[in-house]
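Taking it in order: structure first as structure tokens, then the write-up.
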Amino acid sequence: MKNKTAFQEFLKGLWDENPVLVSLLGLCPVLAVTVSAENGLAMGLAATFVLICSSFLVSLLRKVIPAQVRIASFIVIIATFVTIVDRFLAAFAPDISRNLGAFIPLIIVNCMILGRQEAFASKNGVGRSLLDALGMGVGFTLTLLVLSSIREILGSGTWFGMNILWSSFSPWAVMILPPGAFLALGCMIAGANWINRRNKS
Amino acid sequence: MSNTPKIIIVLTVITLISGGVLALLDAFTRPRIERHKEQVKNSAVHEVLPRNDRINEVKKGDYTFYVAYRGNDMVALAFEASGGGYQSELVLMIGVTIDFSEITGAKILAQLETPGLGTKIQDDPAKKENPGWFMEQFKGLKTQPQITYIKNAKPSKNTEIEAITGATISSVAIVRILNEHIAKAKAAWGA
Chain A
886 MKNKTAFQEF
896 LKGLWDENPV
906 LVSLLGLCPV
916 LAVTVSAENG
926 LAMGLAATFV
936 LICSSFLVSL
946 LRKVIPAQVR
956 IASFIVIIAT
966 FVTIVDRFLA
976 AFAPDISRNL
986 GAFIPLIIVN
996 CMILGRQEAF
1006 ASKNGVGRSL
1016 LDALGMGVGF
1026 TLTLLVLSSI
1036 REILGSGTWF
1046 GMNILWSSFS
1056 PWAVMILPPG
1066 AFLALGCMIA
1076 GANWINRRNK
1086 S
Chain B
705 MSNTPKIIIV
715 LTVITLISGG
725 VLALLDAFTR
735 PRIERHKEQV
745 KNSAVHEVLP
755 RNDRINEVKK
765 GDYTFYVAYR
775 GNDMVALAFE
785 ASGGGYQSEL
795 VLMIGVTIDF
805 SEITGAKILA
815 QLETPGLGTK
825 IQDDPAKKEN
835 PGWFMEQFKG
845 LKTQPQITYI
855 KNAKPSKNTE
865 IEAITGATIS
875 SVAIVRILNE
885 HIAKAKAAWG
895 A
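Chains as they are written, first to last, in the numbering used here: chain A, 886 to 1086; chain B, 705 to 895.
Okay, structure coming up:
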């Protein structure tokens, strides 16, 4: 278990232990926010920033924080970084802040972030924790990017706001509504499982 | 537990540092955020008022009125109003004719309602041609004796609007805020 190389520690978050497709963590913002590629990317980057900073601090303080109050401490640390992101977006990118709305503060309770603190950062050194956080964050962001691209292209005919499909294409409005989110995510998870099954045999 | 002092100290230090960092952050970002809010408010004032030559700001009672003139005649005025929604404060910019009998426009300045449900009052992605349809309904609406709402049916009176299914409380809150503040602003203005 402890024999992962540094690179493997990073890589596992991208596929083998992808937080969305494999661990099924943090699905609420994943489904709600991915109506456009820009929003999906912004949410991914915001969550990744919080995850990296939190993992760094939690790992640094892991010998100092008593076990009985570890969850409370994690939450305070995570909430501080989320508030930093929230205020920064409100000040420097108000449109994105308005699009993501209540979901930025909700990053505090994104299971992926709390999960990595409890499962990894509180039990491993700073270097490994950073790699773990980076891998999970990148995996999360890439997954959001793919999902939101699918939904934006099929549901609005655009990608990052640019029209990219032929003008006679009539967008499938369902894709930018909740049912479309579930459908797209379900297909992605099924696809990932199928690829894994093929690789095993 | 013999651990208790350590627990208290660690938690206190962590939260103190957190509070300190966030206080600094607030001091740094607040000016910009206030500026954005001003911009949003100013563009909302223009959006809810009808065609005009100039707009004057007048304070009366608790309200700041943005009065629209055509030539030397006051034709309409706008003011800010807020109230409780389903789970957040709803802040509106309301425009009315100078006798407060008709709404010239209403715009939501801020809300943090349930994403995908309550937020439909501001942005309804299911109606692609007009995602802001809910607030558009208030344009041209008569205000006396009061604004009412109806569910799952087209409005039948010129004081009625249609509430959004799945966002009833948010919709009703908008109607309530409008009724309450149009009456209060009217009294403050002295119309």
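We put the beta carbon where it would ideally sit given N, CA and C, even for glycine. Computed from a prediction, not measured in an experiment: that's the story for all the values here.
Quiz prompt | Cβ shell of alanine 785 of chain B (< 7 Å), same chain only, five flanking positions each side left out | solution = Against the second sequence, residue 785 of chain B aligns to sequence position 81. Excluding residues within five positions, the ones whose Cβ falls inside 7 Å are Leu796, Ile798, Ile881 and His885.
Exercise. Would you please verify whether the beta carbon of isoleucine 718 of chain B is less than 8 Å from any beta carbon of chain A?
Key: Working through the second sequence from its first residue, we reach residue 718 of chain B at position 14. Chain A contact via Cβ: present.
Quiz item: For serine 1053 of chain A, which of helix, strand or coil comes out of DSSP?
Solution: Against the first sequence, residue 1053 of chain A aligns to sequence position 168. In this structure, serine 1053 of chain A counts as coil in the three-state DSSP scheme.
Quiz item: Buried or exposed: where does isoleucine 1089 of chain A fall if 16 or more other Cβ atoms within 10 Å of its Cβ makes it buried?
Solution: Examination of residue 1089 of chain A is not possible in this model, given that chain A is present from 886 through 1086 alone.
Quiz item: Hey, out of B:Ile711, B:Ile807, B:Leu813 and B:Asp827, whose CA is closest to isoleucine 851 of chain B's CA?
Solution: Taking the second sequence and counting its residues from 1, one reaches residue 851 of chain B at position 147. Closest option to isoleucine 851 of chain B, Cα to Cα, is B:Ile807.
Self-check item: Where isoleucine 900 of chain B sits in the DSSP three-state scheme
Solution: A query on residue 900 of chain B cannot be resolved here, the shown segment of chain B reaching from 705 to 895 and no further.
Exercise. Pull up the distance between the alpha-carbon of glutamate 1003 of chain A and that of proline 735 of chain B, whole angstroms please.
Key: On the first sequence, residue 1003 of chain A is found 118 positions in, with the first residue counted as 1. On the second sequence, residue 735 of chain B is found 31 positions in, with the first residue counted as 1. Approximately 37 Å, taken between the alpha carbons.
Quiz item: So does the region 952-969 of chain A actually touch the region 1024-1042 of chain A, counting three or more Cβ pairs closer than 8 Å?
Solution: no
Quiz item: Considering only the beta carbon of each residue, do lysine 824 of chain B and alanine 871 of chain B sit closer than 8 Å?
Solution: Counting from one through the second sequence, the residue named residue 824 of chain B turns up at place 120. Counting from one through the second sequence, the residue named residue 871 of chain B turns up at place 167. Cβ atoms of lysine 824 of chain B and alanine 871 of chain B: closer than 8 Å.
Quiz prompt | Contact list for valine 920 of chain A against chain B, beta-carbon separation under 8 Å | solution = The residue labelled residue 920 of chain A in the question sits at position 35 within the first sequence. Result: Pro829.
Exercise. Kindly say whether arginine 972 of chain A, judged by its beta-carbon, lies nearer than 8 Å to any beta-carbon of chain B.
Key: Residue mapping note: residue 972 of chain A aligns to position 87 of the first sequence, counting from 1. Yes, arginine 972 of chain A counts as interfacial toward chain B.
Exercise. State the start and end residues of the unbroken beta strand (DSSP E) segment that holds alanine 785 of chain B.
Key: Your numbering for residue 785 of chain B matches position 81 in the second sequence. Where alanine 785 of chain B is concerned, the enclosing beta strand (DSSP E) stretches over 777-788.
Quiz item: Of all the CB atoms in chain A, is at least one closer than 8 Å to the CB of proline 835 of chain B?
Solution: Stepping through the second sequence from its first residue, residue 835 of chain B is reached at position 131. Closer than 8 Å: no.
Practice problem: Could you spell out the range, first to last residue, of the alpha helix (DSSP H) harbouring leucine 796 of chain B? | Solution: Taking the first residue of the second sequence as 1, we reach residue 796 of chain B at position 92. Note, leucine 796 of chain B: premise wrong, no alpha helix (DSSP H); beta strand (DSSP E) at 793-801.
Quiz item: Which of the three DSSP states, helix, strand or coil, is assigned to leucine 909 of chain A?
Solution: Here residue 909 of chain A is taken as the residue at index 24 of the first sequence, counted from 1. If DSSP states are grouped into helix, strand and coil, leucine 909 of chain A belongs with coil.
Quiz item: What are the partner residues of glycine 809 of chain B, as DSSP defines its beta bridges?
Solution: Along the second sequence, read from residue 1 onward, the residue named residue 809 of chain B stands at position 105. DSSP output for glycine 809 of chain B lists B:Gly799 as bridge partner(s).
Quiz item: Between the beta-carbon of phenylalanine 941 of chain A and the beta-carbon of valine 1011 of chain A, is there less than 8 Å?
Solution: As a first step, residue 941 of chain A is located in the first sequence; it is residue number 56 there, counting from the start. As a first step, residue 1011 of chain A is located in the first sequence; it is residue number 126 there, counting from the start. Result yes, Cβ atoms of phenylalanine 941 of chain A and valine 1011 of chain A sit closer than 8 Å.
Quiz prompt | Terminal residues of the alpha helix (DSSP H) in which phenylalanine 895 of chain A lies | solution = Translated into positions along the first sequence, residue 895 of chain A becomes position 10. Per DSSP, phenylalanine 895 of chain A belongs to the alpha helix (DSSP H) from 891-896.
Exercise. Check each residue of the region 945-957 of chain A: if its Cβ is closer than 7 Å to any Cβ of chain B, include it; give the result in chain order.
Key: Val949, Ile950, Pro951, Gln953, Val954 and Ala957
Quiz item: Comparing alpha-carbon positions, which option in A:Ser939, A:Pro1056, A:Asp971 and A:Ile969 lies nearest isoleucine 956 of chain A?
Solution: Position 71 of the first sequence holds residue 956 of chain A. It is A:Ser939 whose Cα lies nearest to the Cα of isoleucine 956 of chain A.
Quiz item: Does the Cβ-Cβ distance between alanine 932 of chain A and asparagine 995 of chain A come in under 8 Å?
Solution: Indexing the first sequence from 1 puts residue 932 of chain A at position 47. Indexing the first sequence from 1 puts residue 995 of chain A at position 110. Their beta carbons are under 8 Å apart, which means alanine 932 of chain A touches asparagine 995 of chain A by this criterion.
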